[in-house]
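Inspection log for the structure reproduced underneath, given as structure tokens.
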Amino acid sequence: MASLDQPPAAIGEPIGLPLPTRSGGRPLLEALGARRSSREFSPQPLDLLLLSDLLWAACGINRRDGHRTAPSARNWQEIDIYVALARGLFLFSPHHSHLEWILREDVRSLTGLQDFVEPAPVNLVYVADLARMQGSSDRNERRFYSALDTGFIAQNVYLFCASAGLATVARGLLDRRALALKMGLRPEQRVILAQTVGYPAS
Numbered sequence: 023m024a025s026l027d028q029p030p031a032a033i034g035e036p037i038g039l040p041l042p043t044r045s046g047g048r049p050l051l052e053a054l055g056a057r058r059s060s061r062e063f064s065p066q067p068l069d070l071l072l073l074s075d076l077l078w079a080a081c082g083i084n085r086r087d088g089h090r091t092a093p094s095a096r097n098w099q100e101i102d103i104y105v106a107l108a109r110g111l112f113l114f115s116p117h118h119s120h121l122e123w124i125l126r127e128d129v130r131s132l133t134g135l136q137d138f139v140e141p142a143p144v145n146l147v148y149v150a151d152l153a154r155m156q157g158s159s160d161r162n163e164r165r166f167y168s169a170l171d172t173g174f175i176a177q178n179v180y181l182f183c184a185s186a187g188l189a190t191v192a193r194g195l196l197d198r199r200a201l202a203l204k205m206g207l208r209p210e211q212r213v214i215l216a217q218t219v220g221y222p223a224s
């Protein structure tokens, strides 16, 4: 496995994530009390363990049968999490607990239109793969459930950040077409939402 510290020329191998902590943090009711949207972030990067914990909380596997920390309509599991870092763009693989390289350039500025987006260390992009939604031919139904499932994941991120002392905000203001083209998405893949994560600005 590669690591985030390797130079761009080493791109190719997936980046293995440490096993998530899965314990500690604030109690749930305290995290709910602390949950908020923040738009001021420190540029300090998240270490790999904290990033692993964040992604596991978002939509990681928490049972032997492969089910996730976030519910999914009909267990379609149609939402993928792309991770935009200074090093590049990655796809989170819950089953292999690693990050797959997608792009070797910093695309954080494309994940949103607000000034705080690019300097923040982590921008998550939630992408629905409508091809996985077998048994539904209704476009409105697929759009509804993919948006709903994205909301579950985003709230998990909010609660994790409240528990871990991180700042976050979910964002719908982004150029989805430009971002999808840059990411190389297929026609049946749709950018739903983005979410910025980082340490609070001091």
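The opening position of the sequence shown corresponds to residue 23 in the numbering used here, with each subsequent residue numbered one higher.
Just so it is clear, CB atoms sit at the ideal spot from N, CA and C, and this is done for glycine as well.
Three-state secondary structure assigned by DSSP to residue i
i, result
"Asn-97", "helix"
"Thr-218", "strand"
"Leu-203", "helix"
"Glu-52", "helix"
"Leu-152", "helix"
"Arg-208", "coil"
Sub-8 Å separation of residue i and residue j beta-carbons
i, j, result
"Pro-36", "His-118", "yes"
"Arg-44", "Ala-56", "no"
"Ser-64", "Gly-220", "yes"
"Gly-110", "Ala-216", "no"
"Glu-53", "Leu-181", "Note that residue 53 is Ala in the sequence shown, not Glu. Yes, the Cβ-Cβ distance between Ala-53 and Leu-181 is below 8 Å."
"Arg-130", "Asn-145", "yes"
Residue nearest to residue i in terms of C-alpha spacing, selected from the options
i, options, result
"Gly-38", "Thr-172, Leu-113, Gly-47, Ala-53", "Leu-113"
"Leu-201", "Leu-72, Met-155, Tyr-104", "Tyr-104"
"Lys-204", "Leu-68, Asp-128, Ser-158, Leu-181", "Asp-128"
"Leu-76", "Gly-206, Val-149, Pro-42, Glu-100", "Pro-42"
"Ala-223", "Arg-198, Leu-207, Gly-187, Arg-199", "Gly-187"
Span separating the alpha-carbon of residue i from that of residue j
i, j, result
"Tyr-167", "Thr-190", "23 Å"
"Leu-132", "Arg-154", "26 Å"
"Val-213", "Ala-106", "14 Å"
"Leu-80", "Arg-161", "A quick correction: the sequence has Ala, not Leu, at residue 80. Using only the alpha carbons, I get a separation of about 26 Å."
"Leu-50", "Ala-95", "24 Å"
"Thr-218", "Arg-193", "8 Å"
"Asn-84", "Arg-61", "30 Å"
"Leu-68", "Ala-176", "18 Å"
"Gly-206", "Asp-87", "31 Å"
N- and C-terminal bounds of the beta strand (DSSP E) containing residue i
i, result
"Arg-113", "The question names Arg, but residue 113 is Leu in the sequence shown. Its beta strand (DSSP E) spans residues 111 to 115."
Host alpha helix (DSSP H) of residue i (start-end)
i, result
"Val-179", "161 to 186"
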